[in-house]
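Heads up: the sequence shown at position 76 corresponds to 476 in this note's numbering, and the numbers run straight through without jumps.
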Amino acid sequence: MLCIFTKNLKILSTFSFLITLLEDPAINEEQILNPNLSAQKALLIVLAWALAISVIIAGVYQIRLSDPYVRDVLNHHGQVTQGNAIFQLNCSGCHGSTGAGKVGPSLQRVTAHRSQVGLIDQITSGKTPPMPKFQASPQEMADLLEYLKTL
Ligand code: HEC
């Protein structure tokens with residue numbers, strides 16, 4: 401895990417070096433002569449930042465993926481019927497029996513915008529009250545994720 405982190409840090413420092421290069425005053429003088437250069441520079445800075453941000457996101461994803469619980473869940477094969485039962489018991493009170501939303505938001509097509517790892521984090525972390533922290537066995541979590549895909 402630390403290794404992934406340092407690897408990403410190295411990539412990040414390369415980007416920040418690239419950004420300082422782009423902010424070089426020598427280039428600024430040239431820019432007065434050639435206005436196109438400033439647009440190109442701005443575009444490069446935006447691209448460098450976009451890359452840096454993607455590296456951070458990918459790093460966070462890798463760190464979460466290296467969590468033994470997450471890996472265990474992803475190695476289980478989920479059953480939709482079981483997942484439905486777990487959902488009705490624990491989630492339907494807030495998200496509705498069809499996942500259309502009540503107190504909590506609609507979960508229909510939630511898997512289109514949330515990754516499996518992101519969903520596991522959402523369900524187990526308790527980071528967004530009033531949604532409680534759920535502790536499910538890896539098999540139960542895999543069943544629940546399989547059910548969420550059908551919404
Ligand atoms: C006490 C009410 C409550 C219960 C019970 C509950 N949730 Fe939630 N849930 C919420 C609320 C409120 C949010 C919105 C949180 C926010 O983003 O601020 C949410 C958000 C979510 C999201 C993120 C939706 C998105 O569009 O990103 C998912 C996924 C989710 N809940 C799944 C579940 C599952 C699965 C269960 C059952 C194991 C569950 N919730 C039980 C209230 C609840």
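Each residue gets a CB set at the ideal place from its N, CA and C atoms; glycine is no exception.
These figures come from a predicted structure and were not determined experimentally.
Output the distance between the C-alpha atoms of residue i and residue j, rounded to the nearest integer angstrom.
{"i": "Ser466", "j": "Gln516", "result": "13 Å"}
{"i": "Ser492", "j": "Ile445", "result": "46 Å"}
{"i": "Phe534", "j": "Ile486", "result": "11 Å"}
{"i": "Gln508", "j": "Gln488", "result": "15 Å"}
{"i": "Gly483", "j": "Ala448", "result": "42 Å"}
{"i": "Gln522", "j": "Val455", "result": "21 Å"}
{"i": "Gly478", "j": "Leu437", "result": "54 Å"}
{"i": "Leu544", "j": "Asn490", "result": "10 Å"}
{"i": "Gln462", "j": "Pro468", "result": "12 Å"}
{"i": "Leu443", "j": "Ile457", "result": "21 Å"}
{"i": "Arg464", "j": "Thr498", "result": "29 Å"}
{"i": "Leu451", "j": "Arg514", "result": "21 Å"}
{"i": "Phe527", "j": "Gly518", "result": "The residue you asked about is not Phe; residue 527 is Lys in the sequence shown. Between Lys527 and Gly518, the C-alpha separation is close to 12 Å."}
{"i": "Ile453", "j": "Glu546", "result": "30 Å"}
Given the structure, does residue i come close to the ligand HEC, in the sense that its CB is under 7 Å from one of the ligand's heavy atoms?
{"i": "Leu544", "result": "yes"}
{"i": "Arg509", "result": "no"}
{"i": "His495", "result": "yes"}
{"i": "Ile523", "result": "yes"}
{"i": "Val519", "result": "According to the sequence as given, residue 519 is Leu; it is not Val. True, at least one ligand heavy atom lies under 7 Å from that Cβ."}
{"i": "Thr528", "result": "yes"}
{"i": "Met531", "result": "yes"}
Leaving aside the five residues before and after residue i along the sequence, list all residues of the same chain whose C-beta is less than 7 Å from its C-beta, in chain order.
{"i": "Ile520", "result": "Val470, Val473 and Met541"}
Grab me the residues of residue i's own chain with a C-beta within less than 6 Å of its C-beta, minus the 5 sequence neighbours each way, in chain order.
{"i": "Pro538", "result": "Asp472, Val473 and His476"}
{"i": "Gly496", "result": "Lys502"}
{"i": "Leu402", "result": "Because the pLDDT at Leu402 is just 49, under 50, the model does not fix this residue reliably, and the value given afterwards should be weighed accordingly. Excluding positions up to five away in sequence, the list is empty."}
Contact defined as beta carbons within less than 8 Å: I believe residue i pairs with residue j. What is the distance between those atoms, to the nearest angstrom?
{"i": "Val503", "j": "Leu548", "result": "With a Cβ gap of about 18 Å, Val503 and Leu548 do not count as contacting."}
{"i": "Val460", "j": "Thr550", "result": "That pair is no contact at about 27 Å."}
{"i": "Ser506", "j": "Ala500", "result": "5 Å"}
Return yes when at least one heavy atom of the ligand ATP lies under 7 Å from the C-beta of residue i, else no.
{"i": "Val503", "result": "With respect to the ligand ATP, the structure shown offers nothing to examine, as its ligands consist of the ligand HEC."}
With a CB to CB cut of under 8 Å and the five nearest residues on each side skipped, what residues in its chain are close to residue i?
{"i": "Cys494", "result": "Lys502, Val503, Gly504, Pro530 and Met531"}
{"i": "Ala536", "result": "Ile486, Ile523, Thr524 and Leu544"}
{"i": "Ala439", "result": "none"}
With a threshold of 8 Å between beta carbons, is residue i in contact with chain C?
{"i": "Asn490", "result": "No chain C is part of this structure, which consists of one protein chain only."}
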